[in-house]
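Participant:
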Amino acid sequence: MFIPTTPQEIELLAWPSLDVILVSGDSYIDSSYSGIAMIGKVLLDAGFHVGVIAQPDVNSDLDIKRLGEPRLFWGISSGTVDSMVANYTATLHKRRSDDFTPGGLNSRRPDRAVIAYTNLIRRYFKNTVPILLGGIEASLRRVTHYDYWSDRLRAPILFDSKADYLLYGMGEHSIIEFAQALNNGLDPHSIRGLGYLSHTAPENYLELPSFEAVCADKKAFIQMFHTFYQNNDAITAKGLVQKKADRYYVQNPPQMPLNQAEMDKVYALPFERRQHPFYEAQGAVKALETIRFSIPTHRGCYGECNFCAIAVHEGRTVSFRSEASILREARLFTKDAAFKGIIQDVGGPTANMYAMECAKKLKSGACAEKRCLFPEVCPVIKIDHQRQIEMLKHIRQIPGIKKAFIGSGIRYDMVMADKEFGLDYLKEVTQFHTSGQMKIAPEHTDSAVLRLMGKPPINSLVRFKQAFDRLSLEAGKEQYLTYYLIAAYPGCSDREMKNLKEFATHELHVAPEQVQVFTPTPSTYASVMYYTETDPFTGKPLFVEKNLHLKEKQKEQITAKTFPISVKNSYRKQSFPHNERR
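Here my numbering is used: the sequence shown runs in plain steps of one and ends on residue 570.
1) Count the CB pairs spanning the region 54 to 70 and the region 219 to 239 that are closer than 8 Å, and state whether there are at least three.
2) On the CB-based measure, 16 or more other CB atoms within 10 Å of its CB, does N535 come out buried or exposed?
3) Whose C-alpha, out of L31, D33, S12, I41, is nearest the C-alpha of P(-8)?
4) What are the boundary residues of the beta strand (DSSP E) that includes M426?
5) Just to confirm the assignment: which complete alpha helix (DSSP H) runs, minimum length 4, are found wholly within the region 379 to 427?
6) Which residues in the same chain have their Cβ closer than 6 Å to the Cβ of F213, if we skip the five residues on either side of it in sequence?
7) Check the Cβ-Cβ distances between A339 and every residue of chain C, and say whether any is below 8 Å.
8) Go ahead and pull the three-state DSSP assignment for D573.
9) On the DSSP letters alone, give me the boundaries of the alpha helix (DSSP H) that S15 sits inside.
10) For a quick check, are the C-beta atoms of K415 and P430 less than 8 Å apart?
11) Is the beta carbon of T285 closer than 8 Å to that of G329?
12) Tell me the rounded alpha-carbon separation between F266 and P197.
13) Do V46 and P98 have their beta-carbon atoms positioned less than 8 Å apart in this structure?
14) Count the other CB atoms, across all protein chains shown, that sit within 10 Å of the CB of M587; report buried if there are 16 or more and exposed otherwise.
15) Report the three-state DSSP secondary structure of G183 (helix, strand or coil).
16) Helix, strand or coil for Q230 per DSSP?
17) Count the CB pairs spanning the region 394 to 405 and the region 254 to 264 that are closer than 8 Å, and state whether there are at least three.
18) Are M426 and L469 closer than 8 Å when you measure CB to CB?
19) Using DSSP with H/G/I as helix, E/B as strand and the rest coil, what is R338?
20) Does the count of Cβ pairs from the region 473 to 488 and the region 498 to 507 closer than 8 Å reach three?
21) Can you tell me where the alpha helix (DSSP H) holding D482 begins and where it ends?
22) Between the alpha carbons of R451 and L461, how many angstroms are there, rounded?
23) Suppose only complete runs of 3+ residues qualify. What are the beta strand (DSSP E) ranges in the region 85 to 142, listed by chain order?
24) The beta strand (DSSP E) spanning P284 covers which residue range?
25) Which residue's Cα is closest to the Cα of S282: V11, V229, S22?
26) Please look up how many angstroms separate the CB atoms of G291 and P90, rounded, as I've assumed it's under 8 Å.
27) Counting along the chain, where does the alpha helix (DSSP H) carrying F216 start and finish?
28) Judging by CA-CA distance, which residue of R399, L380, T305 is the nearest neighbour of K390?
29) Excluding sequence positions up to five away, which residues of its chain have a Cβ less than 6 Å from the Cβ of R59?
30) Among residues of its own chain, excluding the 5 on either side of T418, which ones have a beta-carbon nearer than 8 Å to its beta-carbon?
31) Examine the Cβ distances between the region 154 to 173 and the region 120 to 131 and report whether three or more of them are shorter than 8 Å.
32) Shorter than 7 Å, the distance from the beta carbon of Q502 to the closest heavy atom of the ligand PLP, or not?
33) Distance, Cα to Cα, P529 vs R359?
34) Considering only DSSP beta bridges, list what S65 is partnered with.
35) Can you give me the C-alpha to C-alpha distance between E268 and Y16, rounded to a whole angstrom?
36) Enumerate in chain order the residues of its own chain whose CB-to-CB distance from H432 is below 8 Å, with the five nearest sequence positions on each side excluded.
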């Protein structure tokens, strides 16, 4: 069933009232890829009465009052993407389209959506039940962060909003504990993954430099971020506090990741895999084309790219579903009248991290001074693609499945590091699971920029490309690699972009048509670099291109089609589907 979003649906269910109302910046798509849908279904499964209000009009009470007032709490999310990232390009132009809005026009999601929605509730419901922030926008803005769109540091988002609590990270455990605490009249303040404001700091919590201190001193901001980043592992993290004026933002330690049985349970919940009819009547959402018949196999990422926020939202530990759970979902697709036999994606934040995690990390937590894949693949993690190979083979054998593509990005360094099964995996993917183009993300090729990105050296990319080309030829398929590349990253000048252009031309034999200009998203090391113009790992000054016109010029250096005749014949177009980057 759909989570109700109209009074008529609630009446048909014979519910006397709603316990929880979830408010989202996306249209309501009932899919496990939607955080609001997942949290709503988890709450329903626990016995709570839940309603959804998607993309309410912030200039009237028409939408926000539609379902009345919940008995326990309001839950607010900006949607699948931070609202400022969703609304503006890297060069600060307003985006015209929105894949999560009916009709595709970017006209329904307000800037700083969680703040706007909290204000909307406070305007029309005086002295209401608690308001809880969640989702990626709240999660990544939970401590003092650099905000690219206002070009300044902003305080923890609970200070700027009028909300009462914040849940960060993946919230299935925390949301149930929070709902049960309120339902039973208990104090929720000790729940893992919870943030709140207080006039006192709990004992034994680490105190970050105050908001005032980090605004006055960029070195203090760098140190603050180091402490924040190092306290994101559920096993080792301490509670954190940060003061602003006379109040503290208090952040409890992270919630534990779901184990496999718990993962299987939440992904077995009954999702409709469709847009709610109430919102579908306003127009279709483009995002549904990609996610409707896709299977998330795992969550979390230990890649820790410095421009990516997954490490502080989903976590550095990969949790994965059982093969039985994945195959069950694939079989369900074949019973859907709209299914044409094509699974768009079998993957996660990084497709080939499925069923691979470090035993030491699972027992003792993530290493404080070491990364799993940078500057090289750690031998302790034991890269092994065998289980994913078997899972993909079993999906192909299901009657009614014509193709099961891997649409998520693949870590080529992991493939090349797997001496036993890496090439077998690549052969499997090139032969059966690539839809003409395989996505990989070198992001750059200059060694200095790659170090600042936390990306591997380029030698593994060259070997991967050679293997991919050979295996595609053996399979009799004309297939190409799609290279995700970034311009105007901290430390990248025209010289580094020229190096990238030359490498793409002479080594990769491509001239990419689309390259992303770097966007400093909140709570990433890259945003720290951008704001402070300092390498946070060495303390050395760092060139950062901040002129919008010159950022575009960097991008044009790689997209300009000026290359030798010998390379021109091997040139292939590359396309980057909107909003598929992390």
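Don't be surprised by glycine CBs; every beta carbon is placed ideally from N, CA and C.
Facilitator: Working from what's here:
1) no
2) exposed
3) I41
4) 425 to 431
5) 400 to 405, 410 to 420
6) V516
7) Looking at the structure shown, chain C is missing, and only one protein chain is on hand.
8) Since the first residue of the chain shown is -11 and the last is 570, residue 573 is not available in this structure.
9) Careful: S15 lies outside any alpha helix (DSSP H) and carries neither H nor E.
10) no
11) no
12) 47 Å
13) yes
14) Because the chain is modelled from -11 through 570, residue 587 falls outside the range shown and cannot be assessed.
15) strand
16) strand
17) no
18) yes
19) According to the sequence provided, residue 338 is Thr. The question's Arg does not apply to it. Residue state, collapsed to three classes: coil.
20) yes
21) 482 to 494
22) 16 Å
23) 119 to 121, 133 to 135, 140 to 142
24) 282 to 284
25) S22
26) That belief does not hold up - the Cβ atoms of G291 and P90 are roughly 34 Å apart, past 8 Å.
27) 206 to 218
28) L380
29) S5, D7
30) M426, F456, L459, S460, A463, K465, Q467
31) yes
32) Of the ligands one can find in the structure shown there are none, so the ligand PLP has no counterpart to examine.
33) 23 Å
34) S12
35) 9 Å
36) L438, M441, K443, L473, I474, Y477, C480, E484, L488
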